[in-house]
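Oh and the sequence shown: position 94 is 97 in this note's numbering, straight run, nothing missing. Structure record follows, encoded as structure tokens.
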Amino acid sequence: SPALEEVTRRQTLTSLTSSIVAAAGIIPSKASAVATGSDAFVGTYSDPVNHPGGTRSIKLVGEKVGDYQLAEVYGGGGRGEPKQFVLPAIVVGDR
4 SPALEEVTRR
14 QTLTSLTSSI
24 VAAAGIIPSK
34 ASAVATGSDA
44 FVGTYSDPVN
54 HPGGTRSIKL
64 VGEKVGDYQL
74 AEVYGGGGRG
84 EPKQFVLPAI
94 VVGDR
């Protein structure tokens, strides 16, 4: 009988998260898939189900203070959205 492959908690969570993201139709950039902490949010995303034709680009700004990291979300172009917009954001830890 073939040996069972040991599955770590991280592999299980990564697989589960990927499945949820895929089911939601949110497509992260490659860089965000391997980053950790607040850096995991940096990148360009699309959400063809809820915002067809639009994108969101997340950029960290300023210095991190404790668990808090300021960010900006650049987006637009989706159905019913302005061509471009910028929203302030905050990343708390890795959430």
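We treat Cβ as the ideally placed atom computed from N, Cα and C, and that holds for glycine. Everything numeric in this text was worked out from a predicted model, so none of it was measured.
Sequence-distant residues of the same chain with beta carbon closer than 7 Å to residue i, five excluded per side
i: residue 95; result: 70, 71
Whole-angstrom C-beta distance between residue j and residue i, which should lie under 8 Å
i: residue 77; j: residue 67; result: Going by Cβ atoms, the distance from residue 77 to residue 67 rounds to 20 Å, so no, they are not a contact pair.
i: residue 55; j: residue 82; result: 5 Å
i: residue 60; j: residue 39; result: About 19 Å; that fails the 8 Å criterion.
Residues of its chain near residue i, where Cβ-Cβ distance is below 8 Å and the 5 sequence neighbours each way are ignored
i: residue 1; result: There is simply no residue 1 to check, as the chain begins at 4 and stops at 98 in what is shown.
i: residue 79; result: 57, 58, 85, 86, 87, 88
Coil, strand or helix - residue i by DSSP
i: residue 78; result: strand
i: residue 46; result: strand
Inter-residue spacing [alpha-carbon to alpha-carbon] between residue i and residue j
i: residue 88; j: residue 45; result: 17 Å
i: residue 92; j: residue 43; result: 14 Å
Own chain partners of residue i with C-beta closer than 6 Å, once the 5 adjacent residues on each side are dropped
i: residue 90; result: 76
Residue(s) in a DSSP beta bridge with residue i
i: residue 72; result: 94
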